[in-house]
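Enquirer: Under UniProt numbering, think of the first position of the sequence shown as 1, with each following residue one higher. Quick one: this structure, given as structure tokens, is what I'll be asking you about.
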Amino acid sequence: MALKAAVKLQVMDILAQHQGSYLSASQIAARFSLVHSTSLPAAATSLDRILRLLASHGLLSCCPLYTSPQGHPTLTYALNSISHHLTNRNLTTSTTAIAAKDDNYIKDDIGIGIGIGIGIGIGTNTNTNTNNCSDNKIVDTNNSKKDGCVHVTKSQASLAPYLLLIQDPIFMQTLYDLHEAILDDVVPFTKLYGMPCFSYTEKDPRFNKLFNHGMVAHTENFMPALLQIYTGFESTTSLVDVGGGIGISLSMITSQHPHIHGINFDLPHVIATAPEYPGVKHMGGDMFETIPKAQVIFMKRILHDWSDAHCLKILQRCYEALPSKGKIIVVDILLPSEVECTLEARMGYQLDVLMLAYNEGGRERTKKELEELATATGFIKLQVMCSVHGYSIVEVYKD
Numbered sequence: 001m002a003l004k005a006a007v008k009l010q011v012m013d014i015l016a017q018h019q020g021s022y023l024s025a026s027q028i029a030a031r032f033s034l035v036h037s038t039s040l041p042a043a044a045t046s047l048d049r050i051l052r053l054l055a056s057h058g059l060l061s062c063c064p065l066y067t068s069p070q071g072h073p074t075l076t077y078a079l080n081s082i083s084h085h086l087t088n089r090n091l092t093t094s095t096t097a098i099a100a101k102d103d104n105y106i107k108d109d110i111g112i113g114i115g116i117g118i119g120i121g122i123g124t125n126t127n128t129n130t131n132n133c134s135d136n137k138i139v140d141t142n143n144s145k146k147d148g149c150v151h152v153t154k155s156q157a158s159l160a161p162y163l164l165l166i167q168d169p170i171f172m173q174t175l176y177d178l179h180e181a182i183l184d185d186v187v188p189f190t191k192l193y194g195m196p197c198f199s200y201t202e203k204d205p206r207f208n209k210l211f212n213h214g215m216v217a218h219t220e221n222f223m224p225a226l227l228q229i230y231t232g233f234e235s236t237t238s239l240v241d242v243g244g245g246i247g248i249s250l251s252m253i254t255s256q257h258p259h260i261h262g263i264n265f266d267l268p269h270v271i272a273t274a275p276e277y278p279g280v281k282h283m284g285g286d287m288f289e290t291i292p293k294a295q296v297i298f299m300k301r302i303l304h305d306w307s308d309a310h311c312l313k314i315l316q317r318c319y320e321a322l323p324s325k326g327k328i329i330v331v332d333i334l335l336p337s338e339v340e341c342t343l344e345a346r347m348g349y350q351l352d353v354l355m356l357a358y359n360e361g362g363r364e365r366t367k368k369e370l371e372e373l374a375t376a377t378g379f380i381k382l383q384v385m386c387s388v389h390g391y392s393i394v395e396v397y398k399d
């Protein structure tokens, strides 16, 4: 659908008119017929998220330009031998004018659509960095320990409910209007259903059940690996899981670390369906208003759902809820600052485009972007501790 959106926006035609040059998303978007209320910066930001996904799959060439004093590169794009064939016009430019190095750029299936790997990281590397993680060498096998390495036991949990969620017509139909996120500065999901995604789950019992089951399936595949690698829970006495759904993540944490007093915190309609777990207390509320106090706050795949402005509010509530020496454990994808073609990067770009379609302001971020949000709300620093199935485990310190 990202490729379809680019074709509908005639991105390839615009790039073909500037053969031999690289254009930024802003330069490309300046040639669109934007809806009057849509600003060029907003359109360019959304377009850039689609283009970097395409570039990571070899459908465009990409070159970063470091002109920002903050160190954020401006990504620029050009046609290659593949995207040359996706123009709508009869162009005279020969494919031989396109760099030969691009001819063998793609060796695998493009996979631009939603696949089962999005958001779970099947096949992605699981590795560590330094503190609060086990040995730096990680091998994915069915053995727990061997040869001084940490061997992550493969989960036997089914991903079928997660697949059914991401392929559900409610989500899929939204992606047909992805190009409107650029031209009209709208959230396709909200435009189609008249309300944000999280509000829709409250109104549609079938989809709410499907959503919860999908999140449980993701968690049951992800959390066992995290708990084998990340050791930061060992010194934790109290933990609140913000946006914890029906509590499956926290129940797995407290099951392995029974000394932890756990609070599962989510919207009241979510908590209403949550089963009881040993060592877990369910609390309903609004994370933008107040968050239960605890030594550590756990947020798995939460910040990526929200805009920078919303994230600042969430992080401010976290800061208020934490004691001195408290910390947040953030589990999210961290995007590379330059376009990469690794499986982990592609997964991140794909999930980022889904956020563009589903959640107003939701996006995947780079480490630097996350750090800027954290320091703006009073936190002194953050540290990437581990990588688990393509997700970064990040500790954010209050003081």
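Glycine included, each C-beta is placed from N, C-alpha and C at the ideal position.
Can you tell me which of the three DSSP states I116 falls into?
Expert: Bear in mind that the predicted position of I116 carries a pLDDT of just 37, short of 50, making it unreliable; the figure below should be weighed with that in mind. DSSP places I116 in the coil class of the three-state scheme, outside both helix and strand.
Enquirer: Taking buried to mean at least 16 other C-beta atoms within 10 Å of its own C-beta, is K327 buried or exposed?
Expert: buried
Enquirer: For the stretch 282 to 302 against the stretch 239 to 256, do three or more pairs of beta-carbon atoms, one drawn from each stretch, fall closer than 8 Å, so that the two count as touching?
Expert: yes
Enquirer: Against chain D, does L183 count as a neighbour if the rule is that its beta carbon must be under 9 Å from one of theirs?
Expert: Protein chains in the displayed structure number just one, and chain D is not present.
Enquirer: If I'm right that T377 touches L312 with Cβ under 8 Å, what's the distance once you round it to whole angstroms?
Expert: 6 Å
Enquirer: If we call anything under 9 Å between Cβ atoms a contact, is E338 one with L51?
Expert: no
Enquirer: For the ligand GDP, is there a heavy atom less than 8 Å away from the beta-carbon of L334?
Expert: Summarising the ligand content, the structure contains no ligands, and the ligand GDP is consequently not present.
Enquirer: Measuring CA to CA, which of V353, V280 and T231 is closest to V388?
Expert: T231
Enquirer: For D177 versus V35, is the C-beta distance shorter than 9 Å?
Expert: no
Enquirer: Specify, as a first and last residue, the run of the beta strand (DSSP E) that M283 falls within.
Expert: V280 to G284
Enquirer: Rounded to a whole number of angstroms, what is the C-alpha to C-alpha distance between E371 and L351?
Expert: 20 Å
Enquirer: What does DSSP give as the partner residues of V78 in its beta bridges?
Expert: Correcting the residue identity first, residue 78 is Ala in this sequence and not Val. Note: A78 sits in a beta bridge opposite S61.
Enquirer: Whose CA, out of L59, R363 and L343, lies closest to the CA of L15?
Expert: That would be L59, whose Cα lies nearest to the Cα of L15.
Enquirer: Please report how far the alpha carbon of N88 lies from the alpha carbon of L3, in whole angstroms.
Expert: 13 Å
Enquirer: CA-CA distance, M12 and S83?
Expert: 7 Å
Enquirer: Taking Cβ to Cβ, would you say A44 is nearer than 9 Å to F189?
Expert: no
Enquirer: Taking 6 Å as the limit between beta carbons, can you name the residues of its chain near M223, skipping five residues before and five after?
Expert: Cβ neighbours of M223 within its own chain (closer than 6 Å, five residues either side excluded): S249 and M252.
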